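Count the sequence shown with mature numbering (1 follows the signal peptide of the UniProt record, and there is no 0) and you get residues -28 to -1, 1 to 202, in order.
Even glycine gets a Cβ: it sits at the ideal position worked out from N, Cα and C.
All figures in this text were calculated on a predicted structure; none of them were measured in a lab.
Heads up: the structure comes next, in structure tokens.
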Amino acid sequence: MDVHAKITSHLIGLFMLLLLDTISTVSGCGIMPAGQARTRSFTVTGFTLPTAMVYSENAAVVSRFPGVASTQAGAQGFVQRLVMQTVLDVLERQARSAFLPDTVISSILDQLTVNIRYEPLNCPNAANPADQLKQANSPSCNIVGNTVTSVCTVLMDDKTCETTKAGEATVMPISGAHLTISGTLSTTNIIMANWSNMMWQNVLNRAVRMLASGPFASHFSTAFGTISGN
């Protein structure tokens, strides 16, 4: 990040803290009219695929690769919890740095709803790239460590996905649909509802940086997020 970007990010952060401090003057209870909320859309891309974000209904796959979810809903739930908790952690840290009391912080966070849309990759079969696959023409997720790297289909029995010989295997990259997290941030807090897209972008940027320093740092180190909506 260049010096100008760092200064801009710092100023935005200070401005957000001032607004959060304003919330404390109304005890965190500045709520929009019933049934109304302000919503921003967001996307996160540029990450690699951890096993926790895919699923398989094949018990042998789940047993061999414990991070893989056993259902589509399980993988979606993991992504929902991961992103939601990260966004809430960012806002909580900013509120605490503004010395807001716990009751106000709790009220602020309660007025925010994070909804996630994510399409998990289905891995009916999975293997390491060096494994000999017994079932020809059956797609298999290539897994290295805790990362799903590609989808492979061997065209003949007992071939591996490391082969470079034409006609033995096809290796496809992970579809962009499985490498995109989208969703919405909705708030009924009258102060946060009037935050600009730039301010919400700052929240999202901090959330992505937090993901890149957490348990899935290797997967989110190159990720980036984008805010849209009014």
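Residue i versus the options, residue with shortest Cα-Cα distance
i      : options                           : result
Ser158 : Gly18, Gly39, Asp61 and Leu81     : Leu81
Ser193 : Leu183, Thr132 and Lys106         : Leu183
Thr119 : Ser110, His191 and Gly186         : His191
Leu54  : Gly186, Val116, Phe196 and Asp103 : Gly186
Asn94  : Gly117, Ala24, Pro101 and Ala102  : Ala24
Val34  : Ala98, Lys106 and Arg181          : Ala98
Neighbourhood of residue i by C-beta, 8 Å cutoff - its chain only, sequence neighbours within 5 removed
i      : result
Pro43  : With the sequence shown as reference, residue 43 is identified as Thr, and Pro is not the correct amino acid for it. So the qualifying residues of the chain are Tyr27 and Glu29.
Ala149 : Glu91
Ala165 : Met4, Ala9, Arg10 and Thr159
Where residue i falls, given that 16 or more other Cβ within 10 Å makes a residue buried
i       : result
Thr(-7) : Low confidence applies to Thr(-7): its pLDDT is 49, below 50, so where it sits in the model is not reliable, and the reading given next is rough at best. By the 10 Å Cβ count, Thr(-7) comes out exposed.
Arg178  : buried
Gly197  : buried
Pro73   : exposed
Met128  : exposed
Ser168  : exposed
Arg12   : buried
Ala189  : exposed
Val116  : exposed
Cβ-based neighbour list, residue i, same chain, cut-off 7 Å, excluding 5 preceding and 5 following
i      : result
Met144 : Ser122 and Val123
Gly49  : none
Close Cβ partners of residue i (< 6 Å) along its chain, the five nearest in sequence each way excluded
i     : result
Thr17 : Thr152
Phe87 : Checking the sequence, you will find Asn at residue 87 rather than Phe. Counting only Cβ-Cβ distances below 6 Å, and skipping sequence neighbours, we find Gly155 and Thr156.
Local conformation of residue i per DSSP, three classes
i      : result
Val26  : strand
Leu93  : strand
Ser110 : coil
Val40  : coil
Phe71  : coil
Gly46  : helix
8 Å Cβ cutoff, residue i in contact with chain B
i      : result
Gly155 : Within the model displayed, chain B is absent; a lone protein chain is all it includes.
**Report entry** Within the region 122 to 193, ranges of the beta strand (DSSP E) (whole runs, at least 3 residues)
**Finding:** 141 to 144 and 153 to 159
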